[in-house]
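K.L.:
Have a look at this one.
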Amino acid sequence: MLLLALACTKTPAGDSGTDSGLAEECGGAGTIEMWSDVDRDGFGAGDATQACADDEMFAANADDCDDADAAVNPDATEVCNEVDDDCDGDIDEEMGAVFYEDRDDDGYGSDVTTEACTAPDGYTDETGDCDDGNGGVFPGADELCNDRDDDCDDEIDEDAVDGTAYYDDADLDGYGGTDTVELCDAPSWGGDVSDDCDDADPEVNPGADEVCGNGLDDECDTGVDTNSAYFESSDGTLSNATADVTGTSDAPATPTFATDGDLVFCPGTYYVNATVESNLVVRSDDLDEDAVELNGALTGSVFEIATDAIEFSAEGLTFADGYGSGDAFTDFGYSATGGGISCYAEGTAVYVDGSTFREGLGDLGGGIASQGCDLYVADCTFDSNLADFGGALIADANEVEISDSTFTANEANNSGGALYAIGYFTTAEELITITDSTFDGNIAIEGAAMAIDAGAYVEMTGSTSGAASVTSNVSDAGAVTLFAYDSSQFWADTVSFGTVDGGDDNAPYDVANDSTGFAWMPEDDASFECDEIGCGEGVDYEIGSDAYNQDTGADAFVAQIITADVPATLDAFAVYVEGVDDCTVDYYLLSASTPSTTSWTVEWSSTGNSETSDGWLDSGDIGLPVEAGTYYAVGAGASCDSPPDVFFDAASTEDGGFGDSEGYYIYDLDYATYSGTATVENFSSSVAFYTTVTVTEL
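Residues 222 to 919, numbered by my numbering, are exactly what the sequence shown covers, in order.
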């Protein structure tokens, strides 16, 4: 190609002449001064010559410094290759990387720099050496315990490889967490134990106080809000009360609270026998009675109150294993009063809400004892408490209110399995109101559910059917027992007493009067009144007439049969006779499941009564409940010098008060005293002996 170019050259360089033949080859455009461009990069070199303007073998300049390399020309980019790529007379100028002077040859340089394609001797591409005169100091070096920043991180002796591992105290609360740090010297916080359970919170550590209600294990004992308490005085001052109320089962705490305020417990069990001398509110932090147990450890009352004219409130707590320690009721010779709460003072009020009393013991009041202190109990449970009187509660106060509470499985060795209400020491009429509360499965000799004595008045009310009940209580007398002393009274309004069919009847009776021996079996949702004499008011029912008479014989038994169709109490009965002369009369109440039987059970008797005059022969007080569906015979057996006349008429059924006369009679001319059972002949004649019955139907 070069030969071709030379062949086309007609005029030497600098000659302005024109070769007509070349001009013709150039398309008539003539030639221009050109330079040979061997590497075809658009830049020429060598001597100028005349050539066609569009000849690719030539360039219009002579700027190429290496016409054999198309990558070398004035438009090329300088690269690190020891070649003057851009033909500016400099080789590799302003090319390559920054290198840092490394005087100590440790691979890291100082801030003295140079730019080159390769690192010059004494330079490196790593920087950050904070001491370029020491080959052991550079970024990444092992930190040593030498009071020097070996790894150039602006820290001295941190995490030194020859140091000791200590637990880090990230929150600076003086307690190490679980992360470790290598230190040359022991830290101020110790650091040899990882006992901070939250090293990001300076308020959480083994030396902190547990705070109720924040959901944190403040003191790092693996318990959240447990076994801690605080006291907030009436002026708002907070103080930790944990140590004051935290004893052991062998040695309960014995604090005295003499400042007005609130005592608040976090969840947990606290062994405590406390004394209260101020206005005090005691509660659990979240008012959950299952979360906080105050345990008396069977050594004393959980709270004892003997200060006049103060208020004590308890809410959302469980009182357990208290043993009465109060000095109340000392006139009776008792000192162990009130296992959970014992209050004996004047003008003092006790409020208990949403709490449980269980397994408390005492002479009087296994759960609560109140002498002179007004008592207000709401939404509470009394379970398995034991005392001589008032297994769950004994109250001798001017005012006692119990609502929405449950008394279950409490027991008294004497009277008042659940409640013993008395009025010995009050200056005014004592009134106990019980609303929408249940007494179930309590036990006592007298008054399994409640015993009412010494002028106490108890009013029990159910706001709706079934809201108030006395069921499944067991005693030798009645579930509710009234004592005659000082006119004790009991009112029931819509109260259920259980049924035989329902399996929750009280045994043996629902209500009993201790002085008269009378007993009553009210129906469910019953409403009635009782006083020291009895419950309700007896009504006389006359059966038969004196239309006919019967010569009975000197030794005879006659009786009237009545079918009981409602629960009632048979107060008394009388049989009308004439011709009585020196008679010994025995009175009986018999029962049987059918009137046709000849074997009757003796439910009640009064024997050996001397009767010498005509008229109504009166049985005297009976006071025995009768059961619906059972047949009862009321009658008299007599031994007389001469046969008396007993009157009857032809009446089939007549009202007997608790049922109808069956029109049957029992007639035994071979009468001898009955005991346990009576085998007597039953006649099915349509007759009725001339009889009166006095009945109370509740």
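Beta carbons: idealized from backbone N, C-alpha and C, even for Gly.
With a threshold of 16 other CB atoms inside 10 Å of the CB of P341, please say whether the residue is buried or exposed.
P.N.:
Taking the sequence shown and counting its residues from 1, one reaches residue 341 at position 120. Flag for P341 reads exposed.
K.L.:
Mind checking whether S686 and D725 have CB atoms under 8 Å apart?
P.N.:
Here the question's residue 686 lines up with position 465 in the sequence shown. Here the question's residue 725 lines up with position 504 in the sequence shown. In this structure, D725 does not lie closer than 8 Å to S686 by Cβ.
K.L.:
Looking only at DSSP bridge pairs, what is P846 linked to?
P.N.:
Residue mapping note: residue 846 aligns to position 625 of the sequence shown, counting from 1. Bridge partners of P846: T790.
K.L.:
Which of the three DSSP states, helix, strand or coil, is assigned to T463?
P.N.:
Residue numbering aside, residue 463 sits at position 242 when the sequence shown is read from its first letter. In this structure, T463 counts as helix in the three-state DSSP scheme.
K.L.:
Name the two residues that bound the continuous beta strand (DSSP E) containing T805.
P.N.:
Residue mapping note: residue 805 aligns to position 584 of the sequence shown, counting from 1. T805 -> beta strand (DSSP E) spans 804-813.
K.L.:
Near D609, what residues of its chain come up, given a Cβ to Cβ distance below 6 Å and the 5 sequence neighbours on each side ignored?
P.N.:
Start at 1 with the first residue of the sequence shown, and residue 609 comes out as number 388. These residues qualify, in order along the chain: D584, N634, N635.
K.L.:
In or out: I655 buried (at least 16 other Cβ within 10 Å) or exposed?
P.N.:
Against the sequence shown, residue 655 aligns to sequence position 434. Answer is buried; the Cβ neighbour count reaches 16.
K.L.:
Start and end of the beta strand (DSSP E) containing I526?
P.N.:
One-based indexing of the sequence shown puts residue 526 at position 305. Element bounds for I526: 524-526.
K.L.:
Could you give the DSSP three-state label for T551: helix, strand or coil?
P.N.:
For the purposes of this step, residue 551 is taken as residue 330 along the sequence shown, with counting starting at 1. Helix, per DSSP.
K.L.:
Quick check on E246: does DSSP put it in helix, strand or coil?
P.N.:
Here residue 246 is taken as the residue at index 25 of the sequence shown, counted from 1. DSSP places E246 in helix when its eight states are reduced to three.
K.L.:
Rounded to a whole number of angstroms, what is the C-alpha to C-alpha distance between V916 and D625?
P.N.:
Your numbering for residue 916 matches position 695 in the sequence shown. Your numbering for residue 625 matches position 404 in the sequence shown. Roughly 34 Å between the two C-alpha positions.
K.L.:
Three or more beta-carbon pairs under 8 Å between the stretch 803-813 and the stretch 756-773, yes or no?
P.N.:
With the cut-off at 8 Å, the stretch 803-813 and the stretch 756-773 do not touch.
K.L.:
If you run the structure through DSSP and keep just helix, strand and coil, what is A234?
P.N.:
Residue mapping note: residue 234 aligns to position 13 of the sequence shown, counting from 1. Residue confidence is low: A234 scores 39 on pLDDT, short of 50, so the model does not pin down where it sits. No coordinate-derived value is stated.
K.L.:
Just to confirm the assignment, what range does the beta strand (DSSP E) spanning T729 have?
P.N.:
On the sequence shown, position 508 is the one that residue 729 refers to. Checking the displayed sequence, the identity of residue 729 turns out to be Pro instead of Thr. Per DSSP, P729 belongs to the beta strand (DSSP E) from 728-734.
K.L.:
So if DSSP puts T819 in a beta bridge, which residue, or which two residues, is it bridged to?
P.N.:
Within the sequence shown, the letter at position 598 stands for residue 819. T819 is not bridged to any residue.
K.L.:
Using 8 Å as the Cβ pair cut-off and three pairs as the minimum, do the stretch 776-785 and the stretch 750-759 touch?
P.N.:
The stretch 776-785, when compared against the stretch 750-759, does not touch it at the 8 Å Cβ threshold.
K.L.:
Locate the beta strand (DSSP E) running through M681, then write down its first and last residues.
P.N.:
If you number the sequence shown from 1, residue 681 lands on position 460. Per DSSP, M681 belongs to the beta strand (DSSP E) from 678-682.
K.L.:
Is the stretch 390-398 touching the stretch 367-375 in the sense that three or more CB pairs, one from each, lie closer than 8 Å?
P.N.:
Result no; under three Cβ-Cβ pairs closer than 8 Å.
K.L.:
To the nearest angstrom, report how far apart T815 and I666 are at their CA atoms.
P.N.:
For the purposes of this step, residue 815 is identified with residue 594 of the sequence shown, where counting begins at 1. For the purposes of this step, residue 666 is identified with residue 445 of the sequence shown, where counting begins at 1. Between T815 and I666, the C-alpha separation is close to 33 Å.
K.L.:
For Y645, tell me which candidate among L890, A675, D661 has the shortest Cα-Cα distance.
P.N.:
On the sequence shown, residue 645 is found 424 positions in, with the first residue counted as 1. Ranking L890, A675, D661 by Cα distance to Y645 puts A675 first.
K.L.:
Just tell me which of E498, A474, C366, T467 has its CA closest to the CA of P488.
P.N.:
Within the sequence shown, the letter at position 267 stands for residue 488. Taking only the C-alpha atoms, the option nearest P488 is T467.
K.L.:
Between the alpha carbons of I312 and D323, how many angstroms are there, rounded?
P.N.:
Translated into positions along the sequence shown, residue 312 becomes position 91. Translated into positions along the sequence shown, residue 323 becomes position 102. Cα-Cα distance, rounded: 26 Å.
K.L.:
Within 10 Å of its beta-carbon, does L838 have 16 or more other beta-carbons around it, so buried, or fewer, so exposed?
P.N.:
Reading the sequence shown from its first residue, position 617 is the one you call residue 838. Classification for L838: buried.
K.L.:
If you draw a straight line from the alpha carbon of D951 to that of G588, how long is it in whole angstroms?
P.N.:
One cannot answer for residue 951 here, as it falls past the ends of the chain, which runs 222 to 919.
K.L.:
Taking buried to mean at least 16 other C-beta atoms within 10 Å of its own C-beta, is D327 buried or exposed?
P.N.:
Here residue 327 is taken as the residue at index 106 of the sequence shown, counted from 1. D327 should be labelled buried.
K.L.:
What is the residue span of the beta strand (DSSP E) that Y491 lies within?
P.N.:
Translated into the one-based positions of the sequence shown, residue 491 becomes position 270. Taken as a continuous stretch (DSSP letters only), the beta strand (DSSP E) holding Y491 covers 489-492.
K.L.:
Roughly how many angstroms lie between the CA atoms of C405 and D413, to the nearest whole one?
P.N.:
The residue labelled residue 405 in the question sits at position 184 within the sequence shown. The residue labelled residue 413 in the question sits at position 192 within the sequence shown. C405 and D413: Cα-Cα distance of roughly 13 Å.
K.L.:
DSSP beta-bridge partners for V598?
P.N.:
Working through the sequence shown from its first residue, we reach residue 598 at position 377. Answer by DSSP bridge pairing, in chain order: V573, I623.
K.L.:
Please report how far the alpha carbon of G878 lies from the alpha carbon of S736, in whole angstroms.
P.N.:
Counted from its first residue, the sequence shown places residue 878 at position 657. Counted from its first residue, the sequence shown places residue 736 at position 515. Their backbone Cα atoms lie some 25 Å apart in a straight line.
K.L.:
In the structure shown, what three-state DSSP assignment does R369 receive?
P.N.:
As a working mapping, residue 369 is identified with position 148 in the sequence shown. Residue state, collapsed to three classes: coil.
K.L.:
On the three-pair Cβ rule with 8 Å, is the stretch 288-308 touching the stretch 269-276?
P.N.:
Output reads no: the stretch 269-276 does not touch the stretch 288-308.
K.L.:
What residues are listed by DSSP as bridge partners for Y321?
P.N.:
The residue you call residue 321 lines up with position 100 of the sequence shown. Per DSSP, T334, T345.
K.L.:
Enumerate in chain order the residues of its own chain whose CB-to-CB distance from I615 is below 6 Å, with the five nearest sequence positions on each side excluded.
P.N.:
Along the sequence shown, read from residue 1 onward, the residue named residue 615 stands at position 394. Only L585, G586, A590, Y641 meet the Cβ criterion.
K.L.:
Would you tell me roughly how many angstroms separate the C-alpha atoms of V798 and S834, rounded to the nearest one?
P.N.:
Counted from its first residue, the sequence shown places residue 798 at position 577. Counted from its first residue, the sequence shown places residue 834 at position 613. Each residue's Cα considered, the two are about 9 Å apart.
K.L.:
May I ask you to list the residues that DSSP assigns as paired with G168?
P.N.:
Shown here, the chain extends from 222 to 919; a query on residue 168 therefore has no answer.
K.L.:
Check this for me: beta carbons of G719 and S693, under 8 Å apart or not?
P.N.:
Locating residue 719 in the sequence shown gives position 498, counting from the first residue. Locating residue 693 in the sequence shown gives position 472, counting from the first residue. Yes, Cβ-Cβ distance for G719 and S693 is below 8 Å.
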